[in-house]
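Novice: Numbering (the UniProt record's numbering), first residue to last: 1 to 299.
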């Protein structure tokens with residue numbers, strides 16, 4: 001069992017039709033047919049959307065995505081039309097709302113890895129491969145790969161696991177030409193972002209992108225290079241052979257699996273509310289990621 005501990009009711013706004021409630025985002029359509037994407041402060045972990053929100057999280061995700069879209073503009077067209085608040089929308093939507101092109105989305109999570117960790121590490125330890133790609137012997141948790149690799153996954157519904165798949169399976173599902181476009185764009189965007197982050201003292205270990213088509217043009221969509229979609233590690237603390245400190249929700253995961261939470265993730269019971277100190281520390285991680293990457297203070 002998994003999903004929402006408490007599924008929110010969407011806010012009704014004149015002129016907007018609610019389309020979907022995701023783990024973090026609410027998706028609407030305006031009268032022009034554009035998508036209106038609102039990032040909430042919801043937090044997900046272990047396939048659950050938790051009952052406790054992280055203040056400012058939705059704004060951090062939105063503003064950091066906008067910063068990255070600007071850095072990547074020459075590499076990949078993006079879906080953003082406007083950041084103006086739709087008429088009649090709640091004031092609380094300010095800074096967390098994007099008006100976007102309506103795209104034909106490709107049903108693939110486009111994952112790029114430059115370092116070995118997470119599900120990639122688990123597969124490597126069993127077979128010396130990640131998504132069927134052979135890797136050298138002797139790699140450990142946190143090792144830098146010889147070159148970035150494209151390791152796609154299927155896109156799961158709320159409460160379900162994304163599942164790693166081979167490049168050949170992606171080509172079978174979406175066609176060889178689209179699969180090649182996805183791989184090229186994913187690795188190009190990852191490589192640019194990795195270099196930008198490195199200059200700011202941050203390692204971009206891995207990340208995932210979503211793409212859609214605007215006619216024949218492949219467009220970068222959803223969020224991009226945020227602590228929700230990426231693993232960011234402080235470069236000065238990188239030490240292969242152990243779990244790395246990170247700017248993401250790891251603090252939440254660690255608390256949920258600790259004796260302090262009293263929660264068994266193998267049970268069918270939903271996770272408990274987060275204590276104030278975990279909320280504050282997690283918010284700080286998101287803010288630190290924004291400040292280190294953009295070079296500007298969060299306010």
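C-beta atoms are modelled at their ideal positions from N, C-alpha and C, and glycine is treated no differently.
None of these values were measured; they are calculated from a predicted model.
Leaving out five residues on either side along the sequence, give the residues of the same chain with a beta carbon under 7 Å from the beta carbon of residue 297.
Specialist: As a working mapping, residue 297 is identified with position 297 in the chain shown. Only 291 meet the Cβ criterion.
Novice: For the structure I just gave you, are there three or more beta carbon pairs, one from the region 282 to 289 and one from the region 244 to 260, closer than 8 Å?
Specialist: The region 282 to 289 is in contact with the region 244 to 260.
Novice: Tell me the DSSP secondary structure of residue 324 in three-state form.
Specialist: Outside the shown range of the chain, which is 1 to 299, sits residue 324, and nothing can be said about it.
Novice: Using only the alpha-carbon positions, how far apart do residue 82 and residue 299 sit?
Specialist: Translated into the one-based positions of the chain shown, residue 82 becomes position 82. Translated into the one-based positions of the chain shown, residue 299 becomes position 299. Taking the straight line joining both Cα atoms gives about 21 Å.
Novice: Out of 221, 220, 243, 101, which has the shortest C-alpha to C-alpha gap to residue 231?
Specialist: One-based indexing of the chain shown puts residue 231 at position 231. The candidate whose alpha carbon is nearest that of residue 231 is 243.
Novice: Consult DSSP for residue 233 and reduce its assignment to one of helix, strand or coil.
Specialist: The residue labelled residue 233 in the question sits at position 233 within the chain shown. Residue state, collapsed to three classes: strand.
Novice: Quick check on residue 6: buried or exposed, where buried means 16 or more other Cβ atoms within 10 Å of its Cβ?
Specialist: Taking the first residue of the chain shown as 1, we reach residue 6 at position 6. Classification for residue 6: exposed.
Novice: Measure how close the beta-carbons of residue 61 and residue 228 come, nearest whole angstrom, since I'm counting them as under 8 Å.
Specialist: For this step, residue 61 is matched to residue 61 along the chain shown. For this step, residue 228 is matched to residue 228 along the chain shown. Indeed they touch by this definition, with Cβ atoms about 6 Å apart.
Novice: Per DSSP, what kind of secondary structure is residue 22 in: helix, strand or coil?
Specialist: Start at 1 with the first residue of the chain shown, and residue 22 comes out as number 22. Coil at residue 22, not helix or strand.
Novice: Would residue 256 pass as a contact of residue 263 if the rule is Cβ separation under 7 Å?
Specialist: Within the chain shown, the letter at position 256 stands for residue 256. Within the chain shown, the letter at position 263 stands for residue 263. In contact: residue 256 and residue 263 (Cβ atoms closer than 7 Å).
Novice: Is residue 217 helix, strand or coil when you go by DSSP?
Specialist: Position 217 of the chain shown, counted from the first residue, corresponds to residue 217. Correct three-state label for residue 217: strand.
Novice: Spatial neighbours of residue 27 within its chain, please: C-beta separation below 7 Å, excluding the five flanking residues on both sides.
Specialist: Here residue 27 is taken as the residue at index 27 of the chain shown, counted from 1. Excluding sequence neighbours, residue 27 sits near 19, 20, 35, 37.
Novice: Do you know how far the Cα of residue 92 is from the Cα of residue 260?
Specialist: On the chain shown, residue 260 is found 260 positions in, with the first residue counted as 1. On the chain shown, residue 92 is found 92 positions in, with the first residue counted as 1. Separation of residue 260 and residue 92 (C-alpha to C-alpha, rounded to the nearest whole angstrom) is 33 Å.
Novice: Hey, which unbroken runs of the alpha helix (DSSP H) at 4 residues or more fall wholly within the region 14 to 96?
Specialist: 57 to 71
Novice: From the DSSP output, in three-state form, read off residue 145 for me.
Specialist: The residue given as residue 145 occupies position 145 in the chain shown. Strand at residue 145.
Novice: How would you write the range of the beta strand (DSSP E) that residue 120 sits in, first residue to last?
Specialist: Translated into positions along the chain shown, residue 120 becomes position 120. That residue, residue 120, is in no beta strand (DSSP E); its alpha helix (DSSP H) goes 118 to 127.
Novice: When you compare the CB positions of residue 72 and residue 214, do they come within less than 7 Å of one another, or not?
Specialist: The residue labelled residue 72 in the question sits at position 72 within the chain shown. The residue labelled residue 214 in the question sits at position 214 within the chain shown. No, Cβ-Cβ distance for residue 72 and residue 214 is not below 7 Å.
Novice: Which first and last residues belong to the beta strand (DSSP E) in which residue 174 is found?
Specialist: As a first step, residue 174 must be located in the chain shown, where it is residue number 174. Per DSSP, residue 174 belongs to no beta strand (DSSP E); it is in the alpha helix (DSSP H), 167 to 174.
Novice: Check residue 290 in the structure and name its three-state DSSP category.
Specialist: Within the chain shown, numbered from 1, the residue matching residue 290 stands at position 290. Looking at residue 290 - three-state DSSP - the assignment turns out to be helix.
Novice: Going along the chain, which residues of its own chain have a beta-carbon closer than 7 Å to the beta-carbon of residue 75, five neighbours each way excluded?
Specialist: For the purposes of this step, residue 75 is taken as residue 75 along the chain shown, with counting starting at 1. Its chain contains 188, 189, 192 as the residues whose beta carbon lies nearer than 7 Å to that of residue 75, once the 5 sequence neighbours on both sides are disregarded; these appear in chain order.
Novice: Excluding the 5 residues preceding and the 5 following residue 237 in the sequence, name in chain order all residues of the same chain whose CB lies nearer than 6 Å to its CB.
Specialist: Your numbering for residue 237 matches position 237 in the chain shown. Correct list, in chain order: 245.
Novice: Please list, in chain order, all residues of the same chain as residue 17 whose beta carbon is under 7 Å from its beta carbon, the five residues on each side excluded.
Specialist: Taking the first residue of the chain shown as position 1, residue 17 is located at position 17. Within the same chain, residue 17 has close Cβ partners 28, 29.
Novice: Label residue 198 either buried or exposed according to how many other C-beta atoms from any shown protein chain fall within 10 Å of its C-beta, with 16 as the threshold for buried.
Specialist: Residue numbering aside, residue 198 sits at position 198 when the chain shown is read from its first letter. It counts as exposed.
Novice: Quick one: is residue 8 buried, meaning 16 or more other Cβ sit within 10 Å of its Cβ, or exposed?
Specialist: On the chain shown, position 8 is the one that residue 8 refers to. It is exposed - the Cβ of residue 8 has fewer than 16 other Cβ atoms within 10 Å.
Novice: Which residues bound the beta strand (DSSP E) around residue 115?
Specialist: Numbered from its first residue, the chain shown carries residue 115 at position 115. Per DSSP, residue 115 belongs to the beta strand (DSSP E) from 108 to 115.
Novice: Does the count of Cβ pairs from the region 136 to 146 and the region 161 to 179 closer than 8 Å reach three?
Specialist: no
Novice: In three-state DSSP terms, what is residue 151?
Specialist: Within the chain shown, residue 151 is the residue found at index 151, counting from 1. Three-state DSSP puts residue 151 in coil, outside helix and strand.
Novice: Using a Cβ-Cβ cut-off of 7 Å (strictly less than) and excluding sequence neighbours within five positions of residue 185, which residues of its own chain qualify?
Specialist: Within the chain shown, the letter at position 185 stands for residue 185. Here the set comprises 76, 211, 218.
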